[in-house]
Amino acid sequence: MLNDTKTGQKIVIAMGIGITTLVVVTFGFYFFANPTVELFDVITVPIIIIIILTSSYIIYDRYKNIKKGLPAQDERLKLAAYKAGYYGFVAAIWSAIGSNMLSIFLFDQDLRGGLVVAAVVLVSGIVFMLSYFYFSRKGE
Amino acid sequence: MKTRIKEFRARFDYTQEDLARIIGVRRETIVFLERGKYNPSLKLAHDVAKALNTTIDELFIFEY
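Chains as they are written, first to last, in my numbering: chain Y, 1 to 140; chain G, 1001 to 1064.
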């Protein structure tokens, strides 16, 4: 796997930095292009900040370990990633159902397809990141 | 699970980071292993035992 060699680990870190930068730039362009800010945009801001902060922490943590001559990821972290992936998957399923139900309950209307997809991506992404963070700090 | 990693590590005068570097894991993994908060794979248990010149039985004490 890409993560198993030192060069691979550096590539993963570079990719992480690249993707995080792209998210920030895309987000910047989006707000520049849309002078009128809607409620959905306001809700998205803290979510994107959480994603950026968490991914920046993971990248920094990996870089710190590589600099010390230690692996960026070992079997404990891989296990944490698998567990977090499971929780992210469950969250994706429930958010697909839940977001639409919540919209009907709160606003009395169905959620547009694009918004459901956005909810699934954001919720599963956040659940994955938070649970990965939790499991990597918890130990088991 | 209890471990005697700290005790064996002291015999070799290894720091947690030294041991982590020898085995090829992160330092936090050694911390969790010493606290008994992480059940290692058989390979990792074997690697730790080998690095500390002992056996898995000597190093890890399982409580049922």
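Heads up, the beta-carbon is just placed ideally off N, CA and C, and yes, glycines get one too. Treat the numbers as computed from the prediction; the structure is a model and nothing was measured.
Please confirm whether residue i and residue j have their CB atoms less than 8 Å apart.
| i | j | result |
| --- | --- | --- |
| Y:Asp61 | G:Val1025 | no |
| Y:Arg137 | G:Tyr1038 | no |
| G:Thr1003 | G:Glu1034 | yes |
| G:Phe1008 | G:Leu1059 | yes |
| Y:Val50 | Y:Ile17 | First, the amino acid is wrong: residue 50 of chain Y is Ile here, not Val. No, Cβ-Cβ distance for Y:Ile50 and Y:Ile17 is not below 8 Å. |
| Y:Ile48 | Y:Ile126 | no |
| Y:Ser55 | Y:Ser95 | no |
| Y:Lys83 | Y:Phe135 | yes |
| Y:Lys68 | G:Glu1017 | yes |
| G:Ile1023 | G:Asp1047 | yes |
| Y:Gly98 | Y:Phe128 | no |
| G:Leu1042 | G:Ile1030 | no |
| Y:Val25 | Y:Ile52 | no |
| Y:Asn100 | Y:Val116 | yes |
| Y:Tyr132 | Y:Ala81 | yes |
| Y:Ala72 | Y:Gln9 | yes |
Can you tell me where the alpha helix (DSSP H) with residue i in it begins and where it stops?
| i | result |
| --- | --- |
| G:Leu1033 | 1027–1035 |
| Y:Glu75 | 75–107 |
| Y:Ser124 | 113–138 |
| G:Asp1018 | 1016–1023 |
| G:Asp1047 | 1042–1051 |
Residue i versus chain G: which residues are under 8 Å apart at the beta carbon?
| i | result |
| --- | --- |
| Y:Lys67 | None at all; the shortest Cβ gap to chain G is about 12 Å. |
Would you mind telling me which residues of chain Y sit closer than 8 Å to residue i, beta carbon to beta carbon, in chain order?
| i | result |
| --- | --- |
| G:Ala1020 | Leu70 |
| G:Thr1068 | In the structure as shown, chain G begins at 1001 and stops at 1064. Residue 1068 of chain G is therefore absent and cannot be evaluated. |
I want to verify the contact list: residues of chain Y whose CB lies under 7 Å from the CB of residue i, in sequence order.
| i | result |
| --- | --- |
| G:Val1048 | Correct list: empty, because the minimum Cβ distance to chain Y is about 12 Å. |
| G:Thr1029 | Asp74, Arg76 |
Taking C-beta pairs closer than 9 Å, name the residues in chain Y that residue i reaches, listed in chain order.
| i | result |
| --- | --- |
| G:Leu1066 | Any answer about residue 1066 of chain G is impossible in this case: the structure gives chain G only from 1001 up to 1064. |
Would you list the one or two residues that DSSP bridges to residue i?
| i | result |
| --- | --- |
| G:Ile1005 | Paired residues: none, contrary to the question. |
| G:Ile1061 | G:Lys1002 |
Quick one: does residue i have its CB under 8 Å from some CB of chain A?
| i | result |
| --- | --- |
| G:Arg1026 | The question asks about chain A, but that chain is absent: this structure's protein chains are Y and G. |
Quiz item: What are the start and end residues of each continuous beta strand (DSSP E) run of 3 or more residues lying completely inside the stretch 6–77 of chain Y, in chain order?
Solution: none
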